[in-house]
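Following: one structure in structure tokens, then a few remarks.
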Amino acid sequence: MFQLNLLFGPTRRSGDHCGVKFLRESELILEEHATKGLPASEFKNMLRESGLLQNKNITWVTFVGYQDFELMINLLTKDPLPETRLQFLLQVVEYFPSSFDCKSFSKDGKCINKERVPGKLYAVATELGAKRTGKGHQAASDTLLSLRCLQRPKGLAPDPVFLQEYLRRSLRRLWMSASPTVMAYCSS
Numbered sequence: 029m030f031q032l033n034l035l036f037g038p039t040r041r042s043g044d045h046c047g048v049k050f051l052r053e054s055e056l057i058l059e060e061h062a063t064k065g066l067p068a069s070e071f072k073n074m075l076r077e078s079g080l081l082q083n084k085n086i087t088w089v090t091f092v093g094y095q096d097f098e099l100m101i102n103l104l105t106k107d108p109l110p111e112t113r114l115q116f117l118l119q120v121v122e123y124f125p126s127s128f129d130c131k132s133f134s135k136d137g138k139c140i141n142k143e144r145v146p147g148k149l150y151a152v153a154t155e156l157g158a159k160r161t162g163k164g165h166q167a168a169s170d171t172l173l174s175l176r177c178l179q180r181p182k183g184l185a186p187d188p189v190f191l192q193e194y195l196r197r198s199l200r201r202l203w204m205s206a207s208p209t210v211m212a213y214c215s216s
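Printed below as a string of structure tokens:
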């Protein structure tokens with residue numbers, strides 16, 4: 029696991045901008061991102077050369093990670109967000125063929141016995157008894173906490189059958205409005 033600090037100029041947006049405020053509240057030193065951050069073009073090249081993309085042997089662990097996937101796909105392709113959810117999800121599956129989303133997994137895996145899964149990572153982690161290492165809203169710390177959440181279903185032993193079916197059920201839920209062909213595939 030690693031964390032990169034991307035080049036980001038905080039002065040390009042108002043200091044009152046909610047995103048800039050959030051980053052400062054998360055204790056990011058934005059001035060260092062502006063002077064020492066990795067340019068997006070270099071990150072794109074590193075990502076392409078890394079072997080991480082389109083690799084079924086790499087599992088991406090996220091917490092509501094579709095925005096992160098969208099940003100990386102946009103960086104790689106320079107294309108705007110696809111017009112339909114199906115087109116977007118097909119791109120996600122193409123670039124990141126194996127992924128687990130901690131929030132979806134917590135709900136679908138019945139790891140949290142609540143009708144509604146908490147919206148924030150720290151709340152899911154608290155429910156599952158997973159411990160954080162590092163500061164919140166830092167990529168490496170959040171990723172490690174998401175992974176720990178996946179490893180700690182409260183009071184449940186890992187169910188290999190469920191783990192095998194998780195991806196298919198997640199795709200079915202996400203593609204509810206997709207074409208009948210996709211629905212037939214996800215239901216088989």
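For the sequence shown, counting from 1, position 135 maps to 163 in our numbering; every step adds exactly one.
Idealized CB from N, CA, C, for every residue including glycine.
For clarity, every value in this text was computed on a predicted model and none was experimentally measured.
Starting from Asp129, trace the beta strand (DSSP E) in both directions and tell me its first and last residue. Counting from 1 along the sequence shown, the entry for residue 129 is found at position 101. Segment Ser127 to Asp129, the beta strand (DSSP E) holding Asp129.
Can you name, in chain order, every residue of its own chain whose Cβ lies under 7 Å from the Cβ of Gly162, other than the five neighbours on each side? Your numbering for residue 162 matches position 134 in the sequence shown. Non-local C-beta neighbours of Gly162 in its own chain, meaning closer than 7 Å and more than five positions away in sequence, comprise Ala168 and Ser169, ordered along the chain.
Burial state of Ile57 (16 or more Cβ within 10 Å): As a position in the sequence shown, residue 57 is number 29, starting the count at 1. With fewer than 16 Cβ atoms within 10 Å of its Cβ, Ile57 is classed as exposed.
Looking at the structure shown, is Asp107 part of a helix, part of a strand, or coil, going by DSSP? Translated into the one-based positions of the sequence shown, residue 107 becomes position 79. DSSP places Asp107 in coil when its eight states are reduced to three.
Residues in its own chain within less than 7 Å of Leu175 by CB, not counting five upstream and five downstream? Against the sequence shown, residue 175 aligns to sequence position 147. Correct list, in chain order: Val89.
Where does the unbroken alpha helix (DSSP H) through Val89 begin, and where does it stop? Start at 1 with the first residue of the sequence shown, and residue 89 comes out as number 61. Val89 -> not in any alpha helix (DSSP H); beta strand (DSSP E) instead, spanning Trp88 to Thr90.
Can you tell me the Cα-Cα spacing of Thr128 and Thr87, whole angstroms? To locate residue 128, count along the sequence shown from 1; it is residue 100. To locate residue 87, count along the sequence shown from 1; it is residue 59. One point to set straight first is that residue 128 is Phe, not Thr, in the sequence displayed. When rounded, the distance between both Cα atoms is 7 Å.
Based on the DSSP output, what are the partners of Leu66 in its beta bridges? As a position in the sequence shown, residue 66 is number 38, starting the count at 1. Leu34.
With DSSP as the reference, label Ile101 as helix, strand or coil. Taking the sequence shown and counting its residues from 1, one reaches residue 101 at position 73. In this structure, DSSP gives Ile101 a helical state, which the three-state scheme calls helix.
Rounded to whole angstroms, what is the Cα-Cα separation between Ser69 and Asp107? For the purposes of this step, residue 69 is identified with residue 41 of the sequence shown, where counting begins at 1. For the purposes of this step, residue 107 is identified with residue 79 of the sequence shown, where counting begins at 1. Each residue's Cα considered, the two are about 15 Å apart.
What is the residue span of the alpha helix (DSSP H) that Thr154 lies within? Start at 1 with the first residue of the sequence shown, and residue 154 comes out as number 126. First-last of the alpha helix (DSSP H) with Thr154: Leu149 to Leu156.
Which of the three DSSP states, helix, strand or coil, is assigned to Arg41? If you number the sequence shown from 1, residue 41 lands on position 13. The answer is coil: DSSP assigns Arg41 none of H, G, I, E or B.
Taking all protein chains shown into account, decide if Ser132 is buried (16 or more other Cβ within 10 angstroms of its Cβ) or exposed. Along the sequence shown, one-based indexing puts residue 132 at 104. Buried: at least 16 other Cβ atoms inside 10 Å.
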